[in-house]
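Working notes, structure below.
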Amino acid sequence: MSQPARFRTLLILGAPGSGKGTQGKVLGAIPRFHHLACGDVFRSLDTRTPLGQKFVEYSSRGELVPDDLTVQLWHANINQRVDGHVFKPEIDFLVLDGIPRNVEQAKLMEKDIEVLKVFHLSCPDRTELARRLRKRALKDNRFDDANEAVIQQRFATYEAETKPILDYYAGDRICQIDASQPPAKVLYDIIAGVMTLEAWRDIEKMRV
Ligand code: ADP
1 MSQPARFRTL LILGAPGSGK GTQGKVLGAI PRFHHLACGD VFRSLDTRTP LGQKFVEYSS
61 RGELVPDDLT VQLWHANINQ RVDGHVFKPE IDFLVLDGIP RNVEQAKLME KDIEVLKVFH
121 LSCPDRTELA RRLRKRALKD NRFDDANEAV IQQRFATYEA ETKPILDYYA GDRICQIDAS
181 QPPAKVLYDI IAGVMTLEAW RDIEKMRV
């Protein structure tokens with residue numbers, strides 16, 4: 001099986017607290033799906049390094065880290081995963097969560113990823129999302145979730161910068177998912193969307 005020219009990619013898009021990470025982790029535990037959360041890659045950086053410092057600087061304000069740095073970091077990280085045979089592009093879907101996070105990043109990544117589906121985890125109720133973030137702040141030690149003003153700024157950043165990605169990938173690729181449902185039902189809807197894909201039929205037939 002040869003490596004595709006671009007990674008077969010599923011994007012999970014949604015406001016902070018919409019459940020991207022929860023769904024991505026579960027999907028990534030299923031054979032033939034490989035999950036990469038950009039926020040986790042940033043959080044794994046040593047905060048004493050220049051890039052680690054940039055991450056703390058921007059994320060603590062609820063803003064995005066500059067695009068060139070972000071995409072370079074993503075590139076280095078995904079190549080490591082390919083080299084280490086953790087992500088196997090010839091047989092795996094790549095499930096991206098948190099990247100691309102704006103249209104500029106989508107453009108920079110165009111040559112590397114073939115976006116087959118965009119799962120939009122939609123939850124217009126910002127009060128519910130903020131409630132989830134405050135809960136996460138306590139459990140996961142997320143400093144960017146602990147402060148009300150930062151939470152509001154993250155919602156604003158999402159509206160202004162991330163949501164336009166839906167127009168960039170407009171068409172059949174967008175799959176609207178109701179993120180206010182219980183996690184198991186959200187997962188069910190995502191999997192149903194994956195199974196409509198032609199690439200799924202290829203992967204389904206594989207014996208590895
Ligand atoms: P959430 O899951 O709540 O949306 P993430 O863990 O994905 O949050 O991201 C946390 C922070 O990391 C963001 O607020 C941002 O500062 C930084 N970050 C993560 N991904 C990106 C990205 N693709 N581009 C720029 N900054 C990013």
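If you read the sequence shown in full-length UniProt numbering, its first letter stands for residue 1, the second for the next number, and so on. Beta carbons: idealized from backbone N, C-alpha and C, even for Gly.
Original post:
Quick one: is N102 buried, meaning 16 or more other Cβ sit within 10 Å of its Cβ, or exposed?
Top reply: buried
Original post:
Is it right to say T47 is buried, meaning 16 or more other beta carbons lie within 10 angstroms of its own, or is it exposed?
Top reply: exposed
**OP:** With DSSP as the reference, label A5 as helix, strand or coil.
**Re:** coil
Original post:
Heavy atom of the ligand GTP less than 8 Å from the Cβ of Y188, yes or no?
Top reply: Summarising the ligand content, the structure contains the ligand ADP and does not contain the ligand GTP.
**OP:** Could you tell me whether any non-hydrogen atom of the ligand ADP is closer than 8 Å to the CB of W74?
**Re:** yes
**OP:** Mind reading off the beta-carbon distance from L13 to L121? Whole number of angstroms is fine, and I expect it under 8 Å.
**Re:** 7 Å
Original post:
Any idea what DSSP makes of V65, helix, strand or coil?
Top reply: coil
Original post:
Do you know how far the Cα of Y158 is from the Cα of E148?
Top reply: 15 Å
Subject >> Length at least 4, wholly inside the stretch 79-144: the alpha helix (DSSP H) runs in chain order >> reply: 103-109 and 126-140
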